[in-house]
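Below is one structure, written out as structure tokens, with a few remarks after it.
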Amino acid sequence: MTLLGRFEKLDVGNALRPTILKAGEAWTLRAQPSLLAPPAAPRTLRAEEQRSERGRALDLIDALTRSGALSLEDATLHVVLAATHGFDKGLVDTVVQVGRLKRGIFSTFLQRVISCLNQS
3 MTLLGRFEKL
13 DVGNALRPTI
23 LKAGEAWTLR
33 AQPSLLAPPA
43 APRTLRAEEQ
53 RSERGRALDL
63 IDALTRSGAL
73 SLEDATLHVV
83 LAATHGFDKG
93 LVDTVVQVGR
103 LKRGIFSTFL
113 QRVISCLNQS
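According to the numbering used here, numbering within the sequence shown proceeds without interruption in unit steps and concludes at 122.
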């Protein structure tokens with residue numbers, strides 16, 4: 003089930019809608035050349051530099067895991083899930099309603115992650 007489908011099923015008032023987040027064109031890179039060196043000055047990355055840095059990061063992960071032969075034991079995956087909510091009700095009613103929705107959204111997200119992992 004899609005995120006919008008889950009919203010429609012769990013939110014009887016149809017007040018919740020998925021939100022698309024788009025990263026800006028210029029990213030700021032903050033890096034430290036080595037473990038004991040002081041951090042380098044932040045610099046702005048444009049589209050081509052972003053692709054290059056993303057490739058370097060994926061190459062590093064590939065090398066550290068020996069192309070997937072080793073697992074990453076203490077890795078953390080950060081996920082941002084955004085939704086827009088219209089507040090037609092009072093604050094307390096809205097908080098209760100959003101609490102119910104979070105359970106459904108999280109289960110939809112986990113199903114999607116598991117299906118993606120099973121495909122790779």
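From the three backbone atoms N, C-alpha and C, an ideal C-beta is built for every residue, glycine too. None of the values given here were measured: they were computed from a predicted structure.
Grab the span of the beta strand (DSSP E) containing Leu18 for me, first residue to last.
-> Residue 18 sits at position 16 when you count from the first residue of the sequence shown. Leu18 -> beta strand (DSSP E) spans 18-20.
Entirely within the region 8-57 and at least 3 residues each: give me those beta strand (DSSP E) ranges in chain order.
-> Counting whole runs of 3 or more residues, the region 8-57 contains the beta strand (DSSP E) stretches 18-20, 29-31, 45-47.
Exposed or buried, what is Arg56 when buried is set at 16 or more other beta-carbons lying within 10 Å of its beta-carbon?
-> Residue mapping note: residue 56 aligns to position 54 of the sequence shown, counting from 1. Per the 10 Å Cβ criterion, exposed.
Within the same chain, show all residues whose beta-carbon is closer than 8 angstroms to that of Pro44, passing over the 5 residues directly before and after it, in chain order.
-> Mapped onto the sequence shown, residue 44 falls at position 42. Excluding the 5 residues flanking it on each side, Pro44 has same chain C-beta neighbours closer than 8 angstroms at Thr30, Leu31, Arg32, in chain order.
Using alpha carbons as the reference points, say which of Thr86, Gly70, Pro40 lies closest to Leu23.
-> Position 21 of the sequence shown, counted from the start, is the residue given in the question as residue 23. Closest by alpha carbon: Thr86.
Got a sec? Which residues, its chain only, sit under 6 angstroms from Thr201 by beta carbon, not counting five neighbours each side?
-> The question about residue 201 has no answer here: the residues shown for the chain are numbered 3 through 122.
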